[in-house]
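Just so you know, the sequence shown maps onto residues 1 to 389 in the UniProt record's numbering. The C-beta atom is built at its ideal place from N, Cα and C for all residues, glycine as well.
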Amino acid sequence: MCPEARTYWIQIKNWLKEITGYQIELRLESFLLGIIKERLPKEVKYLVLHIITAARIAFAQHVKRYGNIYSMWLGPYLVVVLSGFKAVKEEMTRFSEEFSDRPNDPFLTALGKGMGIILSNGHTWKQQRHIGITSLRKLGLGKKSIEHRIEEVAQTLIDNFRQTNGQPFDPSFLVLNAVSNVICALSFGHQFAAEDEHFQKLIQALKTIVYDLFPTIMNYLPGPHKKALASTAWILSFAKQEIQKHKESSSLHEPQDFIDYYLLEMEKNDPNSTYNEENLAQCIYDFFGAGTDTSFVSMKWALILLAKHPDIQEKVKKEIEDVFGFSRSISYQDKKKLPYTNAVIHEMQRAKYALLFGVPRRSTKDVKMRGYHIPKVRNVVRIHSGTPT
Numbered sequence: 001m002c003p004e005a006r007t008y009w010i011q012i013k014n015w016l017k018e019i020t021g022y023q024i025e026l027r028l029e030s031f032l033l034g035i036i037k038e039r040l041p042k043e044v045k046y047l048v049l050h051i052i053t054a055a056r057i058a059f060a061q062h063v064k065r066y067g068n069i070y071s072m073w074l075g076p077y078l079v080v081v082l083s084g085f086k087a088v089k090e091e092m093t094r095f096s097e098e099f100s101d102r103p104n105d106p107f108l109t110a111l112g113k114g115m116g117i118i119l120s121n122g123h124t125w126k127q128q129r130h131i132g133i134t135s136l137r138k139l140g141l142g143k144k145s146i147e148h149r150i151e152e153v154a155q156t157l158i159d160n161f162r163q164t165n166g167q168p169f170d171p172s173f174l175v176l177n178a179v180s181n182v183i184c185a186l187s188f189g190h191q192f193a194a195e196d197e198h199f200q201k202l203i204q205a206l207k208t209i210v211y212d213l214f215p216t217i218m219n220y221l222p223g224p225h226k227k228a229l230a231s232t233a234w235i236l237s238f239a240k241q242e243i244q245k246h247k248e249s250s251s252l253h254e255p256q257d258f259i260d261y262y263l264l265e266m267e268k269n270d271p272n273s274t275y276n277e278e279n280l281a282q283c284i285y286d287f288f289g290a291g292t293d294t295s296f297v298s299m300k301w302a303l304i305l306l307a308k309h310p311d312i313q314e315k316v317k318k319e320i321e322d323v324f325g326f327s328r329s330i331s332y333q334d335k336k337k338l339p340y341t342n343a344v345i346h347e348m349q350r351a352k353y354a355l356l357f358g359v360p361r362r363s364t365k366d367v368k369m370r371g372y373h374i375p376k377v378r379n380v381v382r383i384h385s386g387t388p389t
């Protein structure tokens, strides 16, 4: 970590101690994701999160000072930061191949073992990404045919909310169940009951996946990363059990889910193929890793913002009732009839994104972008920005 970054990091910790009266071990996931794992009083945790949010805002001021492309130290890594809609779009469209690799990071390697979609590189990544996109499209991703599965889960979530009879409750568990079950339906072809023991273990495993600040020494130290790796192993084992059930059912001639489509691809026996059960299990893990937390956090923010702004909540409710009454559920195609509701959803997603940035990329060759030289094998992160700069 460079001296400037270290000084900034220490200053934040000193502010927290001075304001809260507690010596808080500020970790990277606290700063980026708002996760406070220490045993602190609730009011102290809320105060710390407010301070961290202010620090993140200050962190974003780098864009105003240095522009939409700049370098900085992120923990022990020197990275190139791309910020704003235009810069990120240019990188994703003009330089998609040049920034297609993932960093050679010991923790990410241990987590994904170079397999699946998110943490793989080269030929493996291209094939796994291809089967993921084509299979999900065949299953109806982005089309009306998939809506009935989401509607079933959404209706169950609404029913669970109604059972609280207007009393205060924490919706986190119910929302996480709902989001995870949508991914189960796509991956396994079926959903799980909320009380299912294996499903609940899956939910708990997903909640423990966190990133460690010092991955280069993770194999020698205890810590959260050990739980993350153990949870990863359990999720992969869970996926392999479902794969075995599909192999025994002999229903591949009528594929109903992602596992079916993947097993069909494996039967082609291409010598250059990377399609195998290990990669299949990792792809399923990636679906849960990429889809569960992002959707879960977005929905929680939506609930919080609507609760905080009851006037907007009432306008959304009125628009829906005026257009559809109480007779049926709403489909994706109905968004054209609900301009205010559609605008509220987009504004919530703009204002409260799930992550500050995603898994970093790595340049596969020297790149000249917007007048800057980005050398080969340089880590690149995309900062999510609320303004289209």
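Problem set entry | At least 3 beta-carbon pairs within less than 8 Å: the region 163-175 vs the region 129-137 | Note that the region 163-175 does not touch the region 129-137; fewer than 3 beta-carbon pairs, one per stretch, sit closer than 8 Å.
Exercise. So, helix, strand or coil for V381, using DSSP?
Worked result: The residue you call residue 381 lines up with position 381 of the sequence shown. The answer is strand: DSSP assigns V381 an E or B state.
Exercise. Using a Cβ-Cβ cut-off of 6 Å (strictly less than) and excluding sequence neighbours within five positions of M299, which residues of its own chain qualify?
Worked result: Along the sequence shown, read from residue 1 onward, the residue named residue 299 stands at position 299. Contacts found: V175.
Problem set entry | Check whether residue 409 and T341 have beta carbons under 7 Å apart | Any property of residue 409 remains undetermined from this structure, which presents the chain solely from 1 to 389.
Exercise. How long is the line joining the alpha carbons of R370 and N68, rounded to whole angstroms?
Worked result: Taking the sequence shown and counting its residues from 1, the one referred to as residue 370 is at position 370. Taking the sequence shown and counting its residues from 1, the one referred to as residue 68 is at position 68. A direct Cα-to-Cα measurement between R370 and N68 gives close to 10 Å.
Exercise. What is the rounded straight-line gap between the Cα of I131 and the Cα of Y262?
Worked result: Taking the sequence shown and counting its residues from 1, one reaches residue 131 at position 131. Taking the sequence shown and counting its residues from 1, one reaches residue 262 at position 262. I131 and Y262 have their C-alpha atoms roughly 7 Å apart.
For this session: Answer yes or no: do V323 and K337 have a C-beta to C-beta separation smaller than 7 Å?
Result: Within the sequence shown, the letter at position 323 stands for residue 323. Within the sequence shown, the letter at position 337 stands for residue 337. Taking 7 Å as the Cβ cut-off, V323 and K337 qualify as a contacting pair.
Exercise. When you compare each of Q61, N181 and S295 to Y353 by their alpha carbons, which one comes out closest?
Worked result: Taking the first residue of the sequence shown as position 1, residue 353 is located at position 353. Ranking Q61, N181 and S295 by Cα distance to Y353 puts S295 first.
Exercise. Does the Cβ-Cβ distance between I118 and R129 come in under 7 Å?
Worked result: If you number the sequence shown from 1, residue 118 lands on position 118. If you number the sequence shown from 1, residue 129 lands on position 129. Not a contact, by the Cβ cut-off of 7 Å.
Exercise. So, helix, strand or coil for R162, using DSSP?
Worked result: By 1-based counting over the sequence shown, the position of residue 162 is 162. R162 falls in the helix class under three-state DSSP.
Problem set entry | Cβ-based neighbour list, I374, same chain, cut-off 6 Å, excluding 5 preceding and 5 following | To locate residue 374, count along the sequence shown from 1; it is residue 374. Short of 6 Å from the beta carbon of I374, and not among the five residues preceding or following it, lie these beta carbons of its own chain, in chain order: V80, S363 and V367.
Problem set entry | Any non-hydrogen atom of the ligand MN closer than 6 Å to M72 Cβ | The ligand content of the structure shown is nil, which means the ligand MN is not present either.
Exercise. Is the CB-CB distance between L206 and F258 below 7 Å?
Worked result: Working through the sequence shown from its first residue, we reach residue 206 at position 206. Working through the sequence shown from its first residue, we reach residue 258 at position 258. Pairing L206 with F258 gives a Cβ-Cβ distance that is not under 7 Å.
Exercise. Along the chain, where does the alpha helix (DSSP H) that runs through S83 open and close?
Worked result: Numbered from 1 along the sequence shown, position 83 holds the residue referred to as residue 83. First-last for S83: Y77 to S83, but that is the beta strand (DSSP E), not the alpha helix (DSSP H).
Problem set entry | Reduced DSSP secondary structure (H/G/I, E/B, other) of T389 | The residue labelled residue 389 in the question sits at position 389 within the sequence shown. At T389 the pLDDT is 42, less than 50, meaning the model places this residue with poor confidence and gives no usable figure here.
For this session: Report buried or exposed for A178, applying the criterion of at least 16 other Cβ atoms within 10 angstroms of its Cβ.
Result: Locating residue 178 in the sequence shown gives position 178, counting from the first residue. A178 counts as buried, since no fewer than 16 other beta carbons sit within 10 angstroms of its beta carbon.
Problem set entry | Counted within 10 angstroms of its Cβ, other Cβ atoms place residue 397 as buried (16 or more) or exposed | Nothing about residue 397 can be reported from this structure: the residues present for the chain run from 1 to 389 only.
For this session: Note down the Cα distance separating H148 from Q244, rounded to an integer number of angstroms.
Result: For the purposes of this step, residue 148 is identified with residue 148 of the sequence shown, where counting begins at 1. For the purposes of this step, residue 244 is identified with residue 244 of the sequence shown, where counting begins at 1. Answer to the nearest angstrom: the Cα atoms are 27 Å apart.
For this session: Give me the Cα-Cα distance between E195 and F173, rounded to the nearest whole angstrom.
Result: Numbered from its first residue, the sequence shown carries residue 195 at position 195. Numbered from its first residue, the sequence shown carries residue 173 at position 173. Using only the alpha carbons, I get a separation of about 12 Å.
Exercise. Terminal residues of the continuous beta strand (DSSP E) containing K300?
Worked result: For the purposes of this step, residue 300 is taken as residue 300 along the sequence shown, with counting starting at 1. Careful: K300 lies outside any beta strand (DSSP E), inside the alpha helix (DSSP H) at E277 to K308.
Problem set entry | Cutoff 6 Å; reference T124; Cβ partners in own chain excluding five residues on either side | Position 124 of the sequence shown, counted from the start, is the residue given in the question as residue 124. Within the same chain, T124 has close Cβ partners T274.
For this session: Measure from the alpha carbon of A281 to the alpha carbon of each residue in D270, V344 and C184, then state which is nearest.
Result: Along the sequence shown, one-based indexing puts residue 281 at 281. Comparing Cα-Cα distances from A281 to each of D270, V344 and C184, the minimum goes to C184.
Exercise. Cα-Cα, which of D270, V182 and V297 is closest to V153?
Worked result: Taking the sequence shown and counting its residues from 1, one reaches residue 153 at position 153. Nearest Cα to V153 within the set D270, V182 and V297: V182.
Exercise. Between D311 and M348, what straight-line distance do the alpha-carbon atoms span, to the nearest angstrom?
Worked result: Taking the first residue of the sequence shown as 1, we reach residue 311 at position 311. Taking the first residue of the sequence shown as 1, we reach residue 348 at position 348. Straight-line Cα distance between these residues: approximately 15 Å.
Exercise. Between Q191 and H309, what straight-line distance do the alpha-carbon atoms span, to the nearest angstrom?
Worked result: Locating residue 191 in the sequence shown gives position 191, counting from the first residue. Locating residue 309 in the sequence shown gives position 309, counting from the first residue. Q191 and H309: Cα-Cα distance of roughly 33 Å.
Exercise. Whose C-alpha, out of A193, I146, G140 and G189, is nearest the C-alpha of N160?
Worked result: Within the sequence shown, the letter at position 160 stands for residue 160. For the residues A193, I146, G140 and G189, the minimum Cα distance to N160 belongs to A193.
Exercise. Near L221, which residues of its chain fall below 6 Å by C-beta distance, leaving aside the five closest residues on each side in sequence?
Worked result: As a first step, residue 221 must be located in the sequence shown, where it is residue number 221. Confidence is the limiting factor: at L221 the pLDDT is only 40, short of 50, which leaves the residue's position unreliable, though a coordinate-based value still follows. Hits under 6 Å: none found.
Exercise. Taking DSSP as the reference, what is the three-state secondary structure of I330?
Worked result: Position 330 of the sequence shown, counted from the start, is the residue given in the question as residue 330. For I330, the secondary structure class from DSSP, reduced to helix, strand or coil, is coil.
For this session: In the DSSP assignment, find the beta strand (DSSP E) that holds H373 and state where it starts and stops.
Result: Taking the sequence shown and counting its residues from 1, the one referred to as residue 373 is at position 373. Y372 to I374 is the extent of the beta strand (DSSP E) around H373.
Exercise. Under three-state DSSP, which class holds D322?
Worked result: Locating residue 322 in the sequence shown gives position 322, where the first residue counts as 1. The answer is helix: DSSP assigns D322 an H, G or I state.
Exercise. Leaving out five residues before and five after I345 in sequence, what residues of the same chain have Cβ atoms less than 6 Å from its Cβ?
Worked result: On the sequence shown, position 345 is the one that residue 345 refers to. Apart from sequence neighbours up to five positions away, no residue of its chain approaches I345 with a beta-carbon distance below 6 Å.
Problem set entry | Coil, strand or helix - Y70 by DSSP | The sequence position of residue 70 within the sequence shown is 70, counting from 1. It is a strand residue.
Exercise. How big is the Cα-Cα spacing for L236 and K201?
Worked result: Reading the sequence shown from its first residue, position 236 is the one you call residue 236. Reading the sequence shown from its first residue, position 201 is the one you call residue 201. L236 and K201: Cα-Cα distance of roughly 12 Å.
Exercise. Looking at the unbroken alpha helix (DSSP H) that takes in M115, where does it start and where does it end?
Worked result: For this step, residue 115 is matched to residue 115 along the sequence shown. Where M115 is concerned, there is no enclosing alpha helix (DSSP H), given that its DSSP letter is neither H nor E.
Exercise. Does DSSP put D311 in a helix, in a strand, or in coil?
Worked result: For the purposes of this step, residue 311 is taken as the residue at position 311 of the sequence shown. Here D311 sits in helix by DSSP.
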